[in-house]
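Visitor: Residue numbers (the numbering used here), protein chains in the order written: chain F, 1 to 111; chain B, 112 to 574; chain D, 575 to 1052; chain P, 1053 to 1693; chain S, 1694 to 1860. Using N, Cα and C, we set each Cβ at its ideal position, and we do this for glycine too. Bear in mind the structure is a predicted one, so any value in this text is a computation, not a measurement.
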């Protein structure tokens, strides 16, 4: 598959994620949109890893070229999991105090 | 390696301490001890090699610069713990955990000074950030703290997304996560440089700018610094920021320095620098709270530190060392006093000099250093940044702008001095111990020592 | 060794002075320190030049900065001025009571150290260091012990001069990069090769810094306010010695380094100075406050000195040298009188003063001497300086000299107006119960008066002292 | 012989120092002795010097007298001005006049100022001595700079003495005015010196005069004109004369010494000294002659209608100074100097006489309140009359000879000059005798109290009067012109210094005619004045032209409206508008702008995460766009700058 | 168009639709469910790319663990009934427009990156995505980052305690 398709697809997902962050006010949904962005990156990385692997495999069948891309994705997933736990904890903490997950609800810190 | 491993271990030790030792007062001593150990380990590594023989597969590379930077960060943290350790106990109920997180942050910071692959950069940044989200929100009942934590977290996660996109594109362009990649002629776009890589680097630039709170990606800084418990703000504004800068410089030195033959990054960087200086300095002018003012001032200082990234030469590297030292010392000093203040607005400082001359005098020296007045470390910090830019030979106007904003910065720093010395008032402080004062004086003395003889620091770096 | 001592004595005694508790102790301490410095300085001035070797020590090898002090004629003269000023100021304000006297005198002595350093440094970075070191104590002194509006006013003073010195710093860094061996040494700066465009930019960076410090019209607006609001002891130093920093710096760091740019802009600068001379003199006529009047008068005098420097004639330059010293002691004398009046009567407004000559004849006579020195009457020291400076200016451009010359008329108008409004006429409410000033004030004024006359009759020592510098600068430029 | 020169100014300086420093502890007689003694000593030395010069003149005629160098004043390698004295014929003449008349006036003062408290008495003599010191410097200087030192020094003393009674604000204003007006002239003097220095590198008389060939026509004209500006200031010529009448605020002996006999003649001395230069500047000479003539006439018209005894004398002084300048302008340098000398005698006499009157009248100065003093003050009356005769130019009194010499030279130059000169002479005679008649003749018009206390002044005052009267009568014989059978000793005496005198050759018959006309007019005017005013002095307010004259042609008002007020207005505008809202406004405006921007910029920090991220995204977009188009942007920027 | 191509387009369409629905859904629970759909589609892509390990991990970690966590929180907070207050329309438009421009920019990057033309990502083939290969590399070459990420988890753990514990 031409790599450009993948890039375009990932970009599209990524931008949808960004738009989601921008248009929603629910902290959880915003967070989900961020996860969407991460997934777009994951997809892109896997695609690239296969592209480089494909390139290298032409000359050397046993190469592990491109494996680093996939491992990176693995680490992203790991980190994302950790981040989610902390993030949700923060959101829950806020919800406990103000009974809202609206990001604009708390607006004491400004100017 | 020593710093990374030891700080992780010490974090775990403190975790266990929270279970084993119930006396909260002990934690900071353990933390200080730990810092001493790590510091010793790091210095040992600087001159004699690591305790641990680990093959990192070139993912980490421990350069003299990185190790020295670690030393600075660790020393600053030690100072921080000694000065403000007691105040950590007031931030919330989980004192040992806070110290644990601080050690984890240090672990992340040491990764950032030594990473050699974008993967380690990513992990380092995350290890640096996640504990900070927690520390920011540690004052759980305080809505300001909640708000700060939420904002910090959401924006931090968003910037992680940007960072990862950048890394992915860079990988797409070069096929490697390593900082140094072999360049082949086949890469199209900009001569010898892949278009994707350049785009990716731009995303990385944005993400790193976010981490070092450069405008226009700085928005989290004032709110988070303001909302977080002061004692953690102090930590964030100094050690964490310095570490982020080390990473920024390292990343750009390798990747951007590599592409700069084909691509001119200077215009973008200059735009970022100018807007950082503008927003940081100008917005700080009108603040009513010293704490928030310091938040903006940290943005302004970031603008100056960005000159190191801008010029990417030896002077800049040395300059960043100096700057990180000077800035951390002074900020820790100012925050240590700020934490002791009952009222952190400017009015709250009125008449402090009469009430507590030692606090006022040391704060003044720290503020003078932040403003970059000669005879303080801040002067040489700014000085080397400016000379780094002038050495590059281009964009000389940038330094003029910087200098004008430095003058603006004098305005808000001196407002504090004016409040302390020249205005009548009844500044309320918490009890301060003699040891605290002695330490503050030591900080001030260091600020002046590095201001008179920065060579003292640099000699150490070279030998 | 002497240059180091000149800086070290005030610096160390100043730092120690922070810890002296009583008012009396602090005063005596400061006076002793100042006199010690004076003795060293006089020894330095009087001994043969070769005996006063400079100091050159390693400081920041990585940056190419060295701790270099040297004493040529101009430096010796200005160090002497600094050394002379401080004991006089301390003596004249001996009876004044200050809150936290230890800190006051400490900062004063640190200020002295800074000033000495500025005049002695031969390394650009060191020079900049002392330049700022002189500013900071002055800022604190003015803000802490000044008048009602002191905070805002001194802050303006501080930021204004700070902006200037930052521009200079940029210039220094740039030049540093251009020197052959990456050094900050004065000689390296002198031999640096610059294109005209570079010279122009750097010229303005340095010039604005110095112009603010001097101050030259239109960069002067911080000055009257600052002089008015500062405690008089500080004002004396500010106007007597500190403004000389700007003039000194122009001669030492500006003219020889950017000769082509100077040649290009000297006309403009002199025009500014001349406008400033008339402008400030006219404004001085309409002042109702002794301090403000002296402040504006000082702007005029400094403007003339600046113009004479840029006129770039040997005789004019020599006149500037003489006048730097003379203006220093004259203006200190005027401030002392102003302070004596304010301390005793609590007002400086002409509208509330009058007839003081009946009550304080001693002060009146000494003021008249100061006043006539201020308007450069022959046989007072200022005449020699102004004569030579006008001469230089005249050689540069007849019309500039003629127009600037109008100031000697205006100076007479406002100075005599001041004498008249304060001392002559009948007594008014404020001066009804005035008495003559205290002994220390009169003693200091008398010393100054004698100095004024002696230097007015026989200025040759100062001329000879500074001859070498003038020669060096002039040959450098031409 | 030259060793003694420095003694001449030294004595008055010592007198000044002693009287000035110990004025509180010394007794009045002691002060008087010191003050007068210093002058007497100076006079003696001057006389010796005079004798020496005369001897030298006889031995080596035409040989210039060498200067005495005391020390280097300003010595910069390329440029050297020495503090040097030159006691040649011209200086010695002036030395004698100054120290001689000065001594008499000091003597007179001991009595006149006796009512002052000791402290002020001491101060007075200190000032007076200082004045003499300065005046001596002025005439002794061997270069223009030393002359200028004395020049400003006498201005200073004039200032101090006019404002001697400093409680009176009007006196202080007068003093200040005198000083400032003098300063205007001094600026001219200074510029002339600069010009000389720039062109010749020296201000030494001998060297300057030797090097005139190096000066272009323009140079000489400019230099001489500028020097003349100085002279006009010091010697109260149009347009800088208004200070002198006001200077009458000082004690009367001061007026006699400073504002009649010595200081105001400094301008004449200076131009006579520089005759070599002036005779090369045709244009300047015209200017000097015209201004001198105008001043003479103008001041005389004002004097006609003045009622203050000292004011009349003051305007008469201005007028006589105008005469002297006329003389200088037409090249009669010796004549001018001659007139300086005679004028010094009779004007000092007149002033001291007036002082005696004022003393007797208890500080009454308005002549309308006097009259008939002849019988109360016989000695004063007699000497005053002699003075009037001398100034009116009645032969054989001194004024006649000197005035005649100037008039003759003026005629040779242009008959019109002569005509105006003679008219002025007639006016002079008229107002002097008007003054004399109103004061001494007729009936006493003052209060009874004043009449009761009227008495002749003590000997200390009358002796100087008599000596001066003697000199006024006989002084003219120093310069009896050839046509009257004399050999004009003064001319011979000064020939070594005044080398460029314009010699005029008038027929003897013409000269007789001229003399006749002027003397006749003077006599007529005197007689008319006496007859008109001895019986019924004008007591009513003047009207019409008289009022204009009484108000001095409203010149003071004119100056005030045209120069002083606009200048003050300008100063106000500068102070309140340009400085406050202009320059300082800009400076403060920068601060305010930063403050304002701060208020606006912090609104960016809205506190809403959504907007923060929006800005981040937008910034990314912008950065991309900038990044891709940076070459265009940079080109654009370069085009702008 | 082969089966692989067809699957690619199908999965892409699903992913994009799901993504759009995530932010378009009013109800947070629906958003979560749509996000799970996206994750499944992306896992499908991984399978296509023969990155089986990641496909599985993606499902387990993301679709399984993380999304359950989200659901759990939402349910816990009883947010499924909360109707989001109306957001500023202007902000919405600005968000969409700026996101759109960013997308255009990235597309133009793709179009103009010459070195990416004619390069393809291997479908189906290649063994690097298999657990065996990945595992070997992970525990040899990548052991340092792997170990270090434990610190991350430790801090997340501590964080959950510090922040989440009720006191």
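Buried or exposed: where does residue 575 of chain D fall if 16 or more other Cβ atoms within 10 Å of its Cβ makes it buried?
Guide: Taking the third chain and counting its residues from 1, the one referred to as residue 575 of chain D is at position 1. It is exposed - the Cβ of residue 575 of chain D has fewer than 16 other Cβ atoms within 10 Å.
Visitor: Quick one: give me the first and last residue of the beta strand (DSSP E) that residue 1128 of chain P is part of.
Guide: As a working note, residue 1128 of chain P is residue 76 in the fourth chain. Taken as a continuous stretch (DSSP letters only), the beta strand (DSSP E) holding residue 1128 of chain P covers 1120-1128.
Visitor: Nearest chain S C-beta to residue 1666 of chain P closer than 8 Å, yes or no?
Guide: By one-based count along the fourth chain, residue 1666 of chain P stands at place 614. Interface residue, yes.
Visitor: For residue 823 of chain D and residue 705 of chain D, I'd like the C-alpha separation in whole angstroms.
Guide: Counting from one through the third chain, the residue named residue 823 of chain D turns up at place 249. Counting from one through the third chain, the residue named residue 705 of chain D turns up at place 131. So the alpha carbons of these two residues sit roughly 10 Å apart.
Visitor: Kindly indicate the opening and closing residues of the beta strand (DSSP E) around residue 631 of chain D.
Guide: The residue you call residue 631 of chain D lines up with position 57 of the third chain. Run containing residue 631 of chain D: 629-634, per the beta strand (DSSP E) assignment.
Visitor: So, using beta-carbon positions, are residue 647 of chain D and residue 1041 of chain D closer together than 8 Å?
Guide: The residue given as residue 647 of chain D occupies position 73 in the third chain. The residue given as residue 1041 of chain D occupies position 467 in the third chain. Yes. Within cutoff.
Visitor: What does residue 595 of chain D reach in chain B if we use C-beta pairs closer than 7 Å?
Guide: As a working mapping, residue 595 of chain D is identified with position 21 in the third chain. What residue 595 of chain D touches in chain B: nothing, since even the nearest Cβ is about 13 Å away.
Visitor: Given residue 262 of chain B, which residues of its chain have a CB within under 7 Å of its CB, disregarding the five upstream and five downstream residues?
Guide: Here residue 262 of chain B refers to the residue found at position 151 of the second chain. So the list reads 331, 334, 335, once near-sequence residues are dropped.
Visitor: Ordered along the chain, which non-local residues of its own chain (more than five positions away) have a Cβ less than 7 Å from that of residue 153 of chain B?
Guide: Position 42 of the second chain, counted from the first residue, corresponds to residue 153 of chain B. If we look at residue 153 of chain B and ignore the five residues flanking it on each side, its Cβ neighbours are 113, 114, 178, 181, 182, 185.
Visitor: Is there contact between the segment 656-663 of chain D and the segment 722-733 of chain D, where contact requires at least three CB pairs shorter than 8 Å?
Guide: Contact fails: fewer than three Cβ-Cβ distances are below 8 Å.
Visitor: Just how far apart, CA to CA, sit residue 1053 of chain P and residue 1094 of chain P?
Guide: Translated into the one-based positions of the fourth chain, residue 1053 of chain P becomes position 1. Translated into the one-based positions of the fourth chain, residue 1094 of chain P becomes position 42. Note that residue 1053 of chain P has pLDDT 44, beneath the 50 cutoff, so the model's placement of it is unreliable and the number below is only indicative. Their Cα atoms are separated by approximately 15 Å.
Visitor: When the cut-off is 8 Å and only beta carbons count, does residue 1671 of chain P lie next to chain B?
Guide: Within the fourth chain, the letter at position 619 stands for residue 1671 of chain P. For residue 1671 of chain P, the answer is yes, since a Cβ of chain B falls inside 8 Å of its Cβ.
Visitor: According to DSSP, residue 1466 of chain P sits in a beta bridge with which residue or residues?
Guide: The sequence position of residue 1466 of chain P within the fourth chain is 414, counting from 1. BP columns for residue 1466 of chain P are empty, so no partner.
Visitor: What are the partner residues of residue 400 of chain B, as DSSP defines its beta bridges?
Guide: The residue you call residue 400 of chain B lines up with position 289 of the second chain. BP columns for residue 400 of chain B point to B:456.
Visitor: Are the CB atoms of residue 1652 of chain P and residue 111 of chain F within a distance shorter than 8 Å?
Guide: Counting from 1 along the first chain, the entry for residue 111 of chain F is found at position 111. Counting from 1 along the fourth chain, the entry for residue 1652 of chain P is found at position 600. No, the pair does not count as a contact, with Cβ atoms beyond the cut-off.
Visitor: For the segment 461-473 of chain B against the segment 527-543 of chain B, are there 3 or more C-beta pairs whose distance is under 8 Å?
Guide: The segment 461-473 of chain B vs the segment 527-543 of chain B: in contact.
Visitor: Between residue 1450 of chain P and residue 1392 of chain P, what straight-line distance do the alpha-carbon atoms span, to the nearest angstrom?
Guide: The sequence position of residue 1450 of chain P within the fourth chain is 398, counting from 1. The sequence position of residue 1392 of chain P within the fourth chain is 340, counting from 1. Going from the Cα of residue 1450 of chain P to the Cα of residue 1392 of chain P covers about 11 Å.
Visitor: Taking just the CA atoms, how far does residue 304 of chain B sit from residue 296 of chain B?
Guide: Taking the first residue of the second chain as position 1, residue 296 of chain B is located at position 185. Taking the first residue of the second chain as position 1, residue 304 of chain B is located at position 193. Confidence is the limiting factor: at residue 296 of chain B the pLDDT is only 49, short of 50, which leaves the residue's position unreliable, though a coordinate-based value still follows. Cα to Cα, the separation comes out at about 8 Å.
Visitor: At the level of alpha carbons, what is the spacing between residue 286 of chain B and residue 49 of chain F?
Guide: Translated into positions along the second chain, residue 286 of chain B becomes position 175. Translated into positions along the first chain, residue 49 of chain F becomes position 49. For residue 286 of chain B and residue 49 of chain F, the distance between alpha carbons rounds to 8 Å.
Visitor: For chain D, is any of its Cβ atoms less than 8 Å away from the one on residue 398 of chain B?
Guide: On the second chain, position 287 is the one that residue 398 of chain B refers to. Not one chain D Cβ lies under 8 Å of residue 398 of chain B.
Visitor: Does residue 706 of chain D get closer than 8 Å to chain B when you measure Cβ to Cβ?
Guide: Sequence index remark: in the third chain, residue 706 of chain D carries index 132 (1-based). Yes, residue 706 of chain D counts as interfacial toward chain B.
Visitor: Check for me: the alpha helix (DSSP H) holding residue 50 of chain F runs from which residue to which?
Guide: One-based indexing of the first chain puts residue 50 of chain F at position 50. Segment 27-57, the alpha helix (DSSP H) holding residue 50 of chain F.
Visitor: Considering only the beta carbon of each residue, do residue 1058 of chain D and residue 901 of chain D sit closer than 8 Å?
Guide: In the structure as shown, chain D begins at 575 and stops at 1052. Residue 1058 of chain D is therefore absent and cannot be evaluated.
Visitor: Just how far apart, CA to CA, sit residue 1585 of chain P and residue 1530 of chain P?
Guide: Counting from one through the fourth chain, the residue named residue 1585 of chain P turns up at place 533. Counting from one through the fourth chain, the residue named residue 1530 of chain P turns up at place 478. Computed Cα separation, rounded: 34 Å.
Visitor: Using 8 Å as the threshold, is the C-beta distance between residue 1252 of chain P and residue 1266 of chain P below it?
Guide: Start at 1 with the first residue of the fourth chain, and residue 1252 of chain P comes out as number 200. Start at 1 with the first residue of the fourth chain, and residue 1266 of chain P comes out as number 214. Result yes, Cβ atoms of residue 1252 of chain P and residue 1266 of chain P sit closer than 8 Å.
Visitor: I want to verify the contact list: residues of chain S whose CB lies under 7 Å from the CB of residue 98 of chain F, in sequence order.
Guide: Against the first chain, residue 98 of chain F aligns to sequence position 98. Chain S residues near residue 98 of chain F: none, gap ~12 Å exceeds 7 Å.
Visitor: Identify, in the order they occur along the chain, each residue of the same chain with its Cβ nearer than 6 Å to the Cβ of residue 1065 of chain P, setting aside the five sequence neighbours on each side.
Guide: To locate residue 1065 of chain P, count along the fourth chain from 1; it is residue 13. Hits under 6 Å: 1185.
Visitor: At the level of alpha carbons, what is the spacing between residue 299 of chain B and residue 308 of chain B?
Guide: Taking the first residue of the second chain as 1, we reach residue 299 of chain B at position 188. Taking the first residue of the second chain as 1, we reach residue 308 of chain B at position 197. With a pLDDT of 49 at residue 299 of chain B, under the threshold of 50, the modelled position of that residue is not reliable, and no figure is offered here.
Visitor: Does the separation of the CB atoms of residue 93 of chain F and residue 251 of chain B fall below 8 Å?
Guide: Taking the first residue of the first chain as 1, we reach residue 93 of chain F at position 93. Taking the first residue of the second chain as 1, we reach residue 251 of chain B at position 140. Their beta carbons are under 8 Å apart, which means residue 93 of chain F touches residue 251 of chain B by this criterion.
Visitor: Judging by CA-CA distance, which residue of S:1696, S:1795, S:1746, S:1730 is the nearest neighbour of residue 1827 of chain S?
Guide: The sequence position of residue 1827 of chain S within the fifth chain is 134, counting from 1. For residue 1827 of chain S, the nearest C-alpha among the options comes from S:1746.
Visitor: Please tell me whether, using a cut-off of 7 Å, the distance from the CB of residue 1721 of chain S to the nearest non-hydrogen atom of the ligand MN is below it.
Guide: The model on display carries no ligand, and the ligand MN is accordingly not part of it.
Visitor: Using only the alpha-carbon positions, how far apart do residue 494 of chain B and residue 708 of chain D sit?
Guide: Taking the second chain and counting its residues from 1, the one referred to as residue 494 of chain B is at position 383. Taking the third chain and counting its residues from 1, the one referred to as residue 708 of chain D is at position 134. Between residue 494 of chain B and residue 708 of chain D, the C-alpha separation is close to 19 Å.
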